[in-house]
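Visitor:
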Amino acid sequence: MITTLAAAMTILAVPVAAMAFDGTIQINPGNVPTTAAGFEDQDCDQVPDDVEDDQDGWVFVLPSQMGAMGEFEEVRAVFEDADGNEQLRNSTHHGGIDDGPGTSKAYIITPAGWTLISAEADVTGVDSADTQFNLTHTCPGSEVPTTPSPSPSVSPSVSPSESPSESPSVSQSPSQSQSVSQSPTDSKSSAAADNETTGAAGSGLPTTGVNASVLLIIGAAALVGGLGVLYLMRARRMSGQQH
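According to the working numbering, the sequence shown is numbered sequentially starting from 5.
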């Protein structure tokens, strides 16, 4: 009787082993897309205690199976960050596998606020390739990282404010320098005009030596004196002849 029962259990075990699947399976499409904060089941079980406040935790689970107990080897998930860029994260480098009791679980840690788009997992011992795994719960971060504002916004505000203020001062300086440089020319021209006016009003020639009127007076006096001397000498002669 015991031998017959053992043989029957062996016959039943053969089909179960034959149905086990090792390979890659996909996430339940009803679980995506979603954010950690927007997922209906939120719990921080199976997430390490050292996760930062600005990080989200994602926990995945293999469903209960009729056949052999399957296990996660690695979970790879695609997320969309705050800028709309796709980011790939996996349980090997950004999380881990939960070896606790019950069904196999895996977790991934991401910056807070990312959106889970799709995921796949390498597994062993599941029923078939059509087996799907689930996002069982999330552990949302309490702080969403802020994206720093871009620096190029400073350059447009600086260039317009500087160019109008500098250009008038530069353009006015030549005019001021011209006004200064013209003043000596004006003074010279005024001096020349004064000289021409003086020349026109006078004799036209510069006065040098003794004045001519003085010479005429001296000459006349000398002539009169000479005539007087001659007259006196002639008068003395005539007086001597009479005696």
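The beta carbon of each residue, even a glycine, is placed where N, CA and C say it ideally should be.
With a Cβ-Cβ cutoff of 9 Å, do Pro115 and Asp57 count as a contact?
Guide: In the sequence shown, the residue the question calls residue 115 occupies position 111. In the sequence shown, the residue the question calls residue 57 occupies position 53. Not in contact: Pro115 and Asp57 (Cβ atoms no closer than 9 Å).
Visitor: Fully enclosed by the stretch 68-108, which beta strand (DSSP E) runs are 3 residues long or longer?
Guide: 75-84, 90-94, 99-102
Visitor: Thinking C-beta only, is Pro37 closer than 9 Å to Thr96?
Guide: By 1-based counting over the sequence shown, the position of residue 96 is 92. By 1-based counting over the sequence shown, the position of residue 37 is 33. Not closer than 9 Å, so no.
Visitor: With DSSP run on the structure shown, which of helix, strand or coil describes Met237?
Guide: Looking up residue 237 in the sequence shown gives position 233. Here Met237 sits in helix by DSSP.
Visitor: Based on Cα-Cα distance, which residue from Leu234, Asp134, Gly42 lies nearest to Ile31?
Guide: Here residue 31 refers to the residue found at position 27 when the sequence shown is read from its first residue. Cα-wise, what sits closest to Ile31 is Asp134.
Visitor: The beta strand (DSSP E) with Thr142 in it runs from where to where?
Guide: As a first step, residue 142 must be located in the sequence shown, where it is residue number 138. It spans 138-143 - the beta strand (DSSP E) in which Thr142 sits, taken as one unbroken run.
Visitor: Return the CA-CA distance between Thr140 and Val63, expressed in angstroms with no decimal places.
Guide: Position 136 of the sequence shown, counting from 1, holds the residue named residue 140. Position 59 of the sequence shown, counting from 1, holds the residue named residue 63. Using only the alpha carbons, I get a separation of about 6 Å.
Visitor: Alpha carbon to alpha carbon, what distance is there between Asn35 and Asn89?
Guide: As a first step, residue 89 is located in the sequence shown; it is residue number 85 there, counting from the start. As a first step, residue 35 is located in the sequence shown; it is residue number 31 there, counting from the start. Cα to Cα, Asn89 sits roughly 20 Å from Asn35.
Visitor: What are the start and end residues of the beta strand (DSSP E) that includes Phe64?
Guide: Along the sequence shown, one-based indexing puts residue 64 at 60. Start and end: 59-65.
Visitor: Give me the Cα-Cα distance between Gly99 and Ala24, rounded to the nearest whole angstrom.
Guide: As a position in the sequence shown, residue 99 is number 95, starting the count at 1. As a position in the sequence shown, residue 24 is number 20, starting the count at 1. The straight-line gap from Cα to Cα measures roughly 26 Å.
Visitor: Smallest Cα separation from Ser256: which of Ala81, Gly145, Leu66, Asp45?
Guide: The requested residue 256 does not occur in the structure, where the chain is confined to residues 5 to 247.
Visitor: So, at 6 Å on beta carbons, what are the nonlocal neighbours of Leu209 in its own chain, with the 5 sequence-adjacent residues on each side left out?
Guide: Indexing the sequence shown from 1 puts residue 209 at position 205. Because the pLDDT of Leu209 is 44, which lies under 50, any placement of that residue in the model is unreliable, and the question is left without a value.
Visitor: Which word fits Arg93, buried or exposed, when buried means at least 16 other C-beta atoms lie within 10 angstroms of its C-beta?
Guide: By one-based count along the sequence shown, residue 93 stands at place 89. Looking at its Cβ environment, which holds 16 or more other Cβ atoms inside 10 Å, Arg93 is buried.
Visitor: Which same chain residues end up closer than 7 Å to Gln50 when comparing Cβ atoms and leaving out the 5 residues on each side of it in sequence?
Guide: Against the sequence shown, residue 50 aligns to sequence position 46. Excluding positions up to five away in sequence, the list reads Val63, Asp102, Lys109, Tyr111.
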